[in-house]
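Remarks on the structure that follows.
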Amino acid sequence: MLVSNTGRFRDRNPDISAAGKLWPMGGTARDCLEPPPSRVRTPKVVKKYINTTRPEAGMTRVFYGKAGDEFLTRAAEMRHGLSTKPSLTAGQLTNPWPKTLFQHRLLDKRESLYSSHQKAPLGRTHDQTPNIPSWFQPETTTCGVKTLKDYTATELVNPPKSWRKVKEEDLVGKDLYKLSHSDYDVGESYDRKYDWSKIPKTSMFGVETPHDVDGRNVRKTLKWLHDVESERATKIVSKRVDDFRERTQPQLAMVHDPIKDTLNVGPDHTFGTLVKPDEYGAGDLIHCRAPNEYLRGRDRERGIVAAIRQHLKKANYHNFDSLLDAFRHYDRDRAGVITIAQLREVCAQFSLPIEPELMELLFNYCDVNKDGVIDYEEFANFLNWKDKMPSGLSTARKGSLEGAVEEGGELSPESTPKRLMKQIDHAIGQHRTSNSIYGSVNLGTKGFRAYGIPTVRSDLPAPLIKRVSDRKNYGDESNAYGLVNPSIYSNHGVHEKDFFEARPKTEIAHIFKSIGVDMDEKTFNDLWEQASVRHPQGRVSVESFRSLLDEARVAQMQADEQRTMRESSRDLVVPLYS
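In full-length UniProt numbering, the protein residues as written are 1 to 578.
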């Protein structure tokens with residue numbers, strides 16, 4: 001509290017002493033924080049009581065009854081263990097002080113007493129001259145036994161012998177090796193030199209235990225009877241728990257509605273405002289169709305027209321050889337066009353009754369130029385079933401459809417109609433690609449330059465033994481269908497390359513004879529000649545021979561069937577007069 005503040009404030013509690021120190025005018029904060037050194041020290045008798053409740057900073061609290069105890073003083077100053085003497089520092093070990101010439105000479109003199117220093121000094125080889133006889137010449141004399149080179153490593157690992165001969169050589173002396181090293185084969189019993197004259201060596205004692213190789217009996221033993229019965233028993237669930245799960249857990253193919261029970265509406269009720277759909281769809285906007293060509297809302301009409309169109313396509317495909325014959329059948333008056341009345345008669349002839357409204361819709365769908373009749377181009381675009389029926393017109397001359405109709409009323413096959421239109425919308429802005437202009441679809445791509453590395457490396461020969469790190473596909477691998485549904489041949493270790501591998505004549509005959517194909521030598525020679533002619537180098541594989549054998553069997557079955565039909569028809573002939 002400063003003297004300058006005297007009288008400026010009112011003391012509301014005069015009976016309580018004011019906090020702080022009273023300093024005269026002119027004092028500083030340092031004088032307040034650092035008292036003068038002439039301050040009276042607290043006596044030790046009083047200090048021990050103060051240290052019990054208010055010890056100084058960094059000092060341990062000591063009970064006043066133990067203050068001044070000499071044992072505590074000695075214990076505080078006591079140190080356990082041995083005093084470690086300082087050793088060399090890391091700097092001295094890494095970079096020691098260089099030795100003087102005197103120190104080097106002194107160290108060499110001390111190490112000259114060692115035998116290793118005398119026989120093998122630093123920087124020179126071991127001197128063995130004192131221990132070598134006088135007749136031994138180090139430069140010319142060779143020690144050891146000379147090795148005779150008789151076999152190479154390749155001949156030892158893979159000798160030029162058949163596997164039967166290698167097996168026979170391996171069995172020589174094997175009985176002695178079993179006796180000396182107890183080296184028996186897998187599953188081979190020990191030969192204890194018993195007398196097997198009365199009982200065969202292969203006989204077994206005991207009763208055969210019924211078992212399954214797949215381990216189903218072990219599986220039954222590992223399951224407790226209680227668990228098996230609980231799996232067969234009917235699951236009983238509380239109705240309360242089932243209702244709770246139905247309300248809280250999502251169900252498959254159902255909308256999760258946890259508050260369904262609290263709503264007083266039907267199950268088919270829909271909330272919200274019904275939005276009226278536009279008269280056009282996304283496809284109409286993408287293809288920029290006119291309002292009279294919108295396809296939205298005409299699904300039923302388009303479906304019926306598509307069904308009628310499909311029926312007429314199949315009828316024309318099965319009843320006529322070309323589109324020109326079908327068009328002539330429709331065009332009864334040979335006018336070069338088809339009217340709606342003629343189309344209605346043909347539909348009735350093909351057992352396809354159509355209502356008048358649908359007939360008009362079908363006719364309007366075919367009549368692209370809206371002239372009231374269907375010409376050949378519109379007919380071909382509407383009834384060409386998957387481009388399988390030939391047009392029946394020659395493509396040598398370029399002419400229009402109108403020029404193909406002569407004065408006589410018949411369509412000229414020598415003329416060429418306009419290009420058939422595809423069943424898609426026209427390009428926006430009359431956009432056309434370069435391929436559509438010069439018709440590159442009909443050109444082969446064999447002479448085109450190919451870029452990149454092909455996925456199937458048919459240009460590289462497949463290695464006989466493929467490495468693990470080799471990820472190339474040489475065309476000899478199976479596809480995904482072959483992995484999911486492997487053939488019966490793969491179970492026996494026979495792959496596709498085995499079928500297409502060229503084999504000699506004797507091996508082909510042995511293979512087909514082993515699988516049960518009976519044929520005489522003349523038939524086999526004929527099939528072999530036909531198969532060798534098909535290959536440019538005259539090679540024959542199992543697949544090529546099998547395909548020829550199947551063709552021969554089919555031809556024989558057809559000949560037998562025709563012979564049977566002729567004989568049956570001859571038996572059915574009855575004379576008019578008996």
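Virtual Cβ for every residue (Gly too), placed ideally from N, Cα, C.
Just so it is clear, the structure is predicted and the values come from calculations on it, not from any experiment.
By the criterion of a C-beta distance shorter than 8 Å, V166 is surrounded in its chain by P159, once the five residues flanking it on both sides are discounted.
Under the criterion of beta carbons closer than 8 Å, T339 and V373 qualify as touching, at roughly 6 Å. N473 sits in a strand when the DSSP states are folded into three classes. In the structure shown, A502 falls within a strand segment according to DSSP collapsed to helix, strand and coil. Along the segment 344-377, the alpha helix (DSSP H) occurs as fully enclosed runs of 4 or more residues at 356-366, listed in sequence order. Membership of C32 in the alpha helix (DSSP H) is indicated by the continuous run 29-33. Assigned with DSSP and collapsed to three states, V540 falls in coil, not helix or strand. Per DSSP, reduced to three states, the secondary structure at I338 is strand. K165: member of the alpha helix (DSSP H) spanning 163-171, first to last residue.
Here the C-alpha atom of S203 lies approximately 15 Å from the C-alpha atom of K193.
It is roughly 46 Å from the alpha-carbon of P96 to the alpha-carbon of T60. Here V456 is bridged, per DSSP, to N473. P130 sits in a helix when the DSSP states are folded into three classes.
Excluding five sequence positions before and after R344, the CB atoms of its chain that fall closer than 7 Å to its own CB belong to M359, given in chain order. Non-local C-beta neighbours of D261 in its own chain, meaning closer than 8 Å and more than five positions away in sequence, comprise R247, ordered along the chain. Just so you know, the alpha carbons of L113 and T129 end up roughly 19 Å apart.
The beta-carbon distance between L527 and F545, rounded to whole angstroms, is 6 Å. This is short enough to meet the 8 Å contact definition. Distances from the CA of A502 to each of K472, T523, Q537 were compared; the closest alpha carbon is that of Q537. Assignment of A290 by DSSP, reduced to helix, strand and coil, places it in the coil class.
Under the criterion of beta carbons closer than 8 Å, L362 and V305 qualify as touching, at roughly 6 Å. DSSP places E279 in the coil class of the three-state scheme, outside both helix and strand. For the pair Y474 and V456, the CB atoms are nearer than the 9 Å cut-off. The C-beta separation of A531 from L548 comes to about 5 Å, placing the pair in contact by the 8 Å criterion. Leaving aside the five residues that flank H431 on each side, none in its chain has a CB nearer than 6 Å to its CB. Fully enclosed alpha helix (DSSP H) runs of no fewer than 4 residues occupy 44-53, 70-77 of the segment 30-86, in order along the chain.
Counting every other CB atom within 10 Å of its CB across the protein chains shown gives C366 a total of 16 or more, marking it as buried. In the DSSP assignment, E521 falls within the unbroken alpha helix (DSSP H) covering 521-534. Excluding the 5 residues flanking it on each side, S162 has no same chain C-beta neighbour closer than 7 Å.
In the three-state scheme derived from DSSP, where H, G and I count as helix and E and B as strand, D243 is classed as helix. Rounded to whole angstroms, L464 and S189 show a C-alpha spacing of 39 Å. Shortest Cα-Cα distance from Y49 to any of D31, V40, I236, G68 involves G68. Counting along the chain, T270 sits inside no alpha helix (DSSP H), nor does DSSP assign it H or E at all. In this structure, the CA atom of H311 is about 42 Å from the CA atom of G447.
Ranked by Cα distance from N131, the options E139, T141, C288, K119 are led by K119.
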